[in-house]
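Asks:
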Amino acid sequence: MEFKTLKATMKRNFIIQLRAYPKHFFIGNLLTGLYTAISAYFMYHLFFKGNMNRSFAYYAGTGDYMSFVIVGTAVYLYVVRTCLNVSRSLITELREGTLDSIMIAPFKRIQYFLGNMLQQVVTTSGEILILMLFSIPFGVNFANFNALSFIFSFIIALFSFFSLSMVLACIMLYFRDTYISQNTLFALLFFLCGITFPHQYLPRNIQWISKLIPVTDAVILIRNTTLLGLGIGEQIGRIAHLLILSTVYCCIGFKLMKKIEGIALEKIHG
117 MEFKTLKATM KRNFIIQLRA YPKHFFIGNL LTGLYTAISA YFMYHLFFKG NMNRSFAYYA
177 GTGDYMSFVI VGTAVYLYVV RTCLNVSRSL ITELREGTLD SIMIAPFKRI QYFLGNMLQQ
237 VVTTSGEILI LMLFSIPFGV NFANFNALSF IFSFIIALFS FFSLSMVLAC IMLYFRDTYI
297 SQNTLFALLF FLCGITFPHQ YLPRNIQWIS KLIPVTDAVI LIRNTTLLGL GIGEQIGRIA
357 HLLILSTVYC CIGFKLMKKI EGIALEKIHG
């Protein structure tokens, strides 16, 4: 099976990133993670006085607040970068005047979107590794790290991010807007999906919303494998739920995309 579209998309995006803004995105996203880790450190030691309520350990499965926040922040950076790159891909083509050419060309949509995502996965992975090194002084602890379970959970998490980005791409392309839609979504994800605190602290009616967002289970899976050392079998129920939910998002995204592409082209040509 050939992956010409995927390879070409990844190559193009790497060239654009290296030539247009080789340092800005890297430093910007790295600082975002560091600021979150630093703010959590000061909150934990100055505001909480190094003590956490028993309910936190019950909900999170660990009393290590710093590791909890740092891992959550790392996953959030993956969400932002992958969702942003995939969802903005077609509207960027629209703004650059190349959407018509893309639509006419016999390209494979799945490979095109996967190429955009994988390029960001590679870039973001480098940023996360550096973030983890900087986070060591803040007390991040991976003593129970389960490598095999982590790799499996990470792949599933990427699928969930991809499925969410497809729905966001439809919204962006239809309204021809990126700023309001993307920032609104990312703010909601940060609040609802348990990035810096267990989502069980949210009111019950809002918890139902968080459970319908793939990112919530993805964050829990990554935390369980890196901090608690849980295996695949111990999380099979959550994995199945995340796969089903992500598949639904993905199907909705691709089905809507075909219609919205036509609407976008109609708007271009009046």
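Per our numbering, the very first residue in the sequence shown carries number 117; after that it's consecutive.
C-beta atoms are modelled at their ideal positions from N, C-alpha and C, and glycine is treated no differently.
How about R197 and M288: are their beta carbons less than 8 Å apart?
Replies: No, these two residues do not count as a Cβ contact at 8 Å.
Asks: First and last residue of the alpha helix (DSSP H) that includes I435?
Replies: With the chain covering only 117 through 386, there is no way to say anything about residue 435.
Asks: Please go through the region 185 to 259 and give each complete alpha helix (DSSP H) segment of 4 or more residues, from N-terminal end onward.
Replies: The region 185 to 259 contains these whole alpha helix (DSSP H) runs: 205 to 212, 215 to 220 and 225 to 251.
Asks: Run through DSSP, which three-state label would P330 get?
Replies: Correct three-state label for P330: helix.
Asks: Is I272 near I360, with beta carbons less than 8 Å apart?
Replies: Not in contact: I272 and I360 (Cβ atoms no closer than 8 Å).
Asks: Exposed or buried, which one is C309 when buried takes at least 16 other CB atoms within 10 Å?
Replies: The residue is buried, with at least 16 neighbouring Cβ atoms inside 10 Å.
Asks: Quick check on G149: does DSSP put it in helix, strand or coil?
Replies: G149: helix per DSSP, three-state reduction.
Asks: Which same chain residues end up closer than 6 Å to A156 when comparing Cβ atoms and leaving out the 5 residues on each side of it in sequence?
Replies: Closer than 6 Å at Cβ, skipping near neighbours: V185.
Asks: For P330, count the other beta carbons within 10 Å of its own beta carbon; 16 or more makes it buried, fewer makes it exposed. Which is it?
Replies: Looking at its Cβ environment, which holds 16 or more other Cβ atoms inside 10 Å, P330 is buried.
Asks: Identify the continuous alpha helix (DSSP H) that holds I132 and give its terminal residues.
Replies: Note, I132: alpha helix (DSSP H), K120 to A136.
Asks: Find the nearest neighbour of A259 within the set M159, R292 and N340, judged by alpha-carbon distance.
Replies: Answer by Cα proximity: N340.
Asks: Compare the Cα-Cα distances from N257 to each of K139, M373, T178 and L372 and report the closest residue.
Replies: Closest by alpha carbon: T178.
Asks: Between V202 and M182, which are expected to be in contact by the criterion C-beta below 8 Å, what is the C-beta distance as a whole number of angstroms?
Replies: Not a contact, Cβ separation roughly 31 Å.
Asks: Could you check what DSSP says for R320 in three-state terms: helix, strand or coil?
Replies: If DSSP states are grouped into helix, strand and coil, R320 belongs with the helices.
Asks: Following a CB-centred definition, is V256 positioned closer than 7 Å to any heavy atom of the ligand NAD?
Replies: Of ligands this structure carries none, so the ligand NAD is not represented either.
Asks: Grouping DSSP H, G and I as helix and E and B as strand, with all else coil, what is C309?
Replies: Here C309 sits in coil by DSSP.
Asks: Classify I355 as helix, strand or coil using the three-state DSSP reduction.
Replies: If DSSP states are grouped into helix, strand and coil, I355 belongs with the helices.
Asks: Of all the options L346, D180, L193 and F229, which has the alpha carbon lying nearest to the alpha carbon of A124?
Replies: Nearest of L346, D180, L193 and F229 to A124, Cα basis: F229.
Asks: Taking all protein chains shown into account, do 16 or more other C-beta atoms lie within 10 angstroms of the C-beta of L147, making it buried, or fewer, making it exposed?
Replies: Exposed is the call here.
Asks: Is the region 264 to 284 in contact with the region 360 to 380, if contact means three or more CB pairs nearer than 8 Å?
Replies: The region 264 to 284 is in contact with the region 360 to 380.
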